[in-house]
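Below: the structure, in structure tokens.
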Amino acid sequence: MSVQRSTIIFAWILLLPAVLYVTVIVAYPLVDTFILSFTDASLKKTTNWVGWVNYDKIFNETFAEVIFRTFVWTFFSVSIKMIIGVFGATMLNAAVPGRALFRLLTMPPWIVPMAIGIFMWGWMYNGQFGMISGVLQNWGLIDGPIAFLARGSTAFWATIVTDVWIGVPLVTLYMLAAMQAIPQDLYEAAWTDGAGRFYRFRRITLPLLVPSLITMSMLSLIATFNSFDIIWILTQGGPNGETTTMIIDTYRTAIGSKKYGEGAARAVLICIFLSIFCFAYFRVTSRLSAGEQK
Amino acid sequence: MINRYRWYELVAIYAGIFVFLAFILAPFVEGFIVSLKPLSLLFSSPYKFWPENGSFAAYYTMWESVPGFARYIFNSFFISTIVTAIVLILVIPAAYAFARFNFRGSGLLLGAFLAVNMFSGAVLLIPLFRLMRSFGVLNTYLAMIMPGVAFLIPSAIWLLRTYMMRIPRELDEAAFVDGASHFYTLRRVILPIAMPGITVVAITTFIGAYAQQFIYALTFNSKTEYMPLPVGLFAYFGRQEVIWNELMAASFVGIAPAVVVIFLLQRYLVSGLTAGAVKQ
Numbered sequence: 200m201s202v203q204r205s206t207i208i209f210a211w212i213l214l215l216p217a218v219l220y221v222t223v224i225v226a227y228p229l230v231d232t233f234i235l236s237f238t239d240a241s242l243k244k245t246t247n248w249v250g251w252v253n254y255d256k257i258f259n260e261t262f263a264e265v266i267f268r269t270f271v272w273t274f275f276s277v278s279i280k281m282i283i284g285v286f287g288a289t290m291l292n293a294a295v296p297g298r299a300l301f302r303l304l305t306m307p308p309w310i311v312p313m314a315i316g317i318f319m320w321g322w323m324y325n326g327q328f329g330m331i332s333g334v335l336q337n338w339g340l341i342d343g344p345i346a347f348l349a350r351g352s353t354a355f356w357a358t359i360v361t362d363v364w365i366g367v368p369l370v371t372l373y374m375l376a377a378m379q380a381i382p383q384d385l386y387e388a389a390w391t392d393g394a395g396r397f398y399r400f401r402r403i404t405l406p407l408l409v410p411s412l413i414t415m416s417m418l419s420l421i422a423t424f425n426s427f428d429i430i431w432i433l434t435q436g437g438p439n440g441e442t443t444t445m446i447i448d449t450y451r452t453a454i455g456s457k458k459y460g461e462g463a464a465r466a467v468l469i470c471i472f473l474s475i476f477c478f479a480y481f482r483v484t485s486r487l488s489a490g491e492q493k
Numbered sequence: 042m043i044n045r046y047r048w049y050e051l052v053a054i055y056a057g058i059f060v061f062l063a064f065i066l067a068p069f070v071e072g073f074i075v076s077l078k079p080l081s082l083l084f085s086s087p088y089k090f091w092p093e094n095g096s097f098a099a100y101y102t103m104w105e106s107v108p109g110f111a112r113y114i115f116n117s118f119f120i121s122t123i124v125t126a127i128v129l130i131l132v133i134p135a136a137y138a139f140a141r142f143n144f145r146g147s148g149l150l151l152g153a154f155l156a157v158n159m160f161s162g163a164v165l166l167i168p169l170f171r172l173m174r175s176f177g178v179l180n181t182y183l184a185m186i187m188p189g190v191a192f193l194i195p196s197a198i199w200l201l202r203t204y205m206m207r208i209p210r211e212l213d214e215a216a217f218v219d220g221a222s223h224f225y226t227l228r229r230v231i232l233p234i235a236m237p238g239i240t241v242v243a244i245t246t247f248i249g250a251y252a253q254q255f256i257y258a259l260t261f262n263s264k265t266e267y268m269p270l271p272v273g274l275f276a277y278f279g280r281q282e283v284i285w286n287e288l289m290a291a292s293f294v295g296i297a298p299a300v301v302v303i304f305l306l307q308r309y310l311v312s313g314l315t316a317g318a319v320k321q
């Protein structure tokens, strides 16, 4: 009994530093955001309780549009990441000479500091001198220069492409690991029965990949929903707010305009969405692992 | 044989790999070429891909245009190193506790840690700003270190816990029977065996710390001498125009040390990822 008890105390001593740290830096700010969202906190000395005013303001302004845009942006970004990731993993999983090098070459967007990759994309999107517009013109595919970041519709897709680019390496390597965990004898059995390569991919690889696909797309969904650096460096939410996602809007309100209270209300809304995703993620992964044990 | 490809299959695979890697590497290729072009050629139409009369001049002049640049690289490394060290100090004992002791509420606590992963620093920026202000650390290294640590703890715990669960329990028990204390067992038995796992966690944490500096540096620090690389690069955005060739040259110089280290250690990286993927 006493051994048992000293063990539990020891476990808590080991956990305490990490728990305390996360409580101060994450849990407390979460609570603080919630409280702030009901006040008119700003740079002023005094802060007043204002009730639901900040939330009323959110829904009276164009915020519904921002929420909708955030979801569309996230949806396309995550889907394209998954498609390219599975494609890349399939290619890199092929037993061809040079694959070790090819795997290595997929990593740079992930390991290089985000801001640097984004600067490079920023230049490529430049209408007058950038690579994309330039090459398309040289090939005669477009007539004049396209300044991708200066127009709303192209800026929207340009930020998605850059977000995909940064997210793809992780998805690819994760999917590659999942593919390599599929037992080889399944393929050999199918091969003996005369199943072709595409048939094996469709009937063995894809179905067995589904749990990893779901896990990865949910993780990717959360990361993408939180994406800040890319849009901020490329467009700062412009032009005309057409790339303003919830997180950009929150940053502008809170840090740009110093309206902490209004910003906090927006952040609370983001937290609510994230909690829903988080809850769904736990439900899905626990169901997946329960299915595995059957 | 099952893994032998016909010639047209090989062509298709290499074509697929080429398209995939072209997308991944295009910005780096373009960035490198830009760094070789003189500004006058950069700002000329029509677009020319190849750097005629290109040179490495920008790699010399970049140090003069932004004299503080070496300092920014140092800051980036310094911040990431301290962040990694703090994360390891907090995470190693916690991961051990989660891997070994099944006490009441341990599952819930682990879930709570993982939930932290869902929130990025960007969402909590307002209270974090107030918190840093009340700690009096705004415009210091600490303002960029402290928030970064918290958001790297969850995945580090998860990764290391997975690794430690694979260390046989008999080792702990044998040490315990010999009269070793819990703490002694952790330090002298578990730590040495877990070293490869700790290395993986250290690398991934370092990469994370290196990547996430931007928003904290942008918001919590306005002193030039403490700026890390991602924010420091904005120094090349001059009043009139961006010095693109030097910006690109500086980017490559800035990431070179990190890339070299990471490529040397990439074996660990992939194995760390794989461990997470297979054991989830």
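So the protein sequences, as listed, match chains G and F.
Start counting the first sequence at 200; every next residue gets the next number (the working numbering).
Start counting the second sequence at 42; every next residue gets the next number (the working numbering).
For every residue, glycine included, the Cβ atom is placed at its ideal position computed from N, Cα and C.
Identity of the residue in the options nearest residue i by Cα
i              : options                        : result
F209 (chain G) : F:F224, F:I296, F:E282         : F:F224
L229 (chain G) : G:L468, G:N325, G:M313, G:S411 : G:L468
R396 (chain G) : G:P312, G:R298, G:N292         : G:N292
L487 (chain G) : G:P410, G:D448, G:N439         : G:P410
T245 (chain G) : G:K256, G:V295, G:T305, G:Y459 : G:Y459
A184 (chain F) : F:A156, F:L151, F:V124         : F:V124
V295 (chain G) : F:Y55, F:L306, F:A291          : F:Y55
A349 (chain G) : G:I421, G:C477, G:T404, G:T434 : G:T434
W320 (chain G) : F:L274, F:L62, F:Y49, F:G72    : F:G72
I120 (chain F) : F:Y46, F:K78, F:A252           : F:A252
R171 (chain F) : F:P188, F:V242, F:S161         : F:P188
G162 (chain F) : G:V221, G:Q203, G:K457         : G:V221
K243 (chain G) : G:L385, G:F481, G:S456, G:R465 : G:S456
CB-CB length for residue i against residue j, believed under 8 Å
i              : j              : result
Y324 (chain G) : I331 (chain G) : 6 Å
G326 (chain G) : N439 (chain G) : No, G326 (chain G) and N439 (chain G) are not in contact; Cβ-Cβ is about 17 Å, not under 8 Å.
W199 (chain F) : L155 (chain F) : 7 Å
I446 (chain G) : N425 (chain G) : 6 Å
I315 (chain G) : G273 (chain F) : About 11 Å; that fails the 8 Å criterion.
M205 (chain F) : A235 (chain F) : 6 Å
T414 (chain G) : T484 (chain G) : 6 Å
Beta-bridge pairing of residue i - partner residues as DSSP gives them
i              : result
F278 (chain F) : F:V283
W155 (chain G) : Beyond the ends of chain G as shown, which are 200 and 493, falls residue 155 (chain G); an answer cannot be given.
Any C-beta of chain G under 7 Å from that of residue i
i              : result
P237 (chain F) : no
W285 (chain F) : yes
T260 (chain F) : yes
E214 (chain F) : no
P68 (chain F)  : yes
Y14 (chain F)  : This structure leaves residue 14 (chain F) out entirely; chain F is present only between 42 and 321.
K320 (chain F) : Since pLDDT at K320 (chain F) reaches only 39, below the 50 mark, its modelled position is unreliable, and the value read off the structure follows with that caveat. So no, K320 (chain F) is outside the interface.
L80 (chain F)  : no
I194 (chain F) : yes
V164 (chain F) : yes
E105 (chain F) : no
Rounded separation between residue i and residue j - CA only
i              : j              : result
S263 (chain F) : P307 (chain G) : 29 Å
L408 (chain G) : I65 (chain F)  : 23 Å
T206 (chain G) : F142 (chain F) : 8 Å
G238 (chain F) : F247 (chain F) : 14 Å
P108 (chain F) : Y277 (chain F) : 11 Å
W285 (chain F) : A126 (chain F) : 35 Å
L372 (chain G) : I231 (chain F) : 29 Å
V319 (chain F) : A376 (chain G) : Its pLDDT being 40, under 50, V319 (chain F) is placed unreliably by the model, and nothing is read from it.
W364 (chain G) : L51 (chain F)  : 26 Å
I208 (chain F) : M268 (chain F) : 41 Å
F478 (chain G) : M159 (chain F) : 10 Å
I257 (chain G) : Q203 (chain G) : 53 Å
P168 (chain F) : A98 (chain F)  : 45 Å
V190 (chain F) : A217 (chain G) : 10 Å
Beta carbon proximity, residue i to chain F, threshold 7 Å
i              : result
N253 (chain G) : no
Y459 (chain G) : yes
T232 (chain G) : yes
T222 (chain G) : no
A217 (chain G) : yes
M281 (chain G) : no
K493 (chain G) : Summary for K493 (chain G): the model assigns pLDDT 47, below 50, so the residue's position carries little reliability; its value from the coordinates is reported in the next sentence. Chain F, which has no Cβ nearer than 7 Å to the Cβ of K493 (chain G), makes this no.
V495 (chain G) : Residue 495 (chain G) is absent from the structure shown; chain G starts at 200 and stops at 493.
W338 (chain G) : no
A314 (chain G) : yes
W356 (chain G) : no
W320 (chain G) : yes
Cβ-heavy atom distance, residue i to the ligand PLP, below 6 Å
i              : result
I244 (chain F) : Here there are no bound small molecules, and the ligand PLP is not part of this structure.
Query raised in the report: Going along the region 414-429 of chain G in order, which residues come within less than 7 Å of chain C, judged by CB to CB distance?
Result: This model lacks chain C altogether; the protein chains it does include are G and F.
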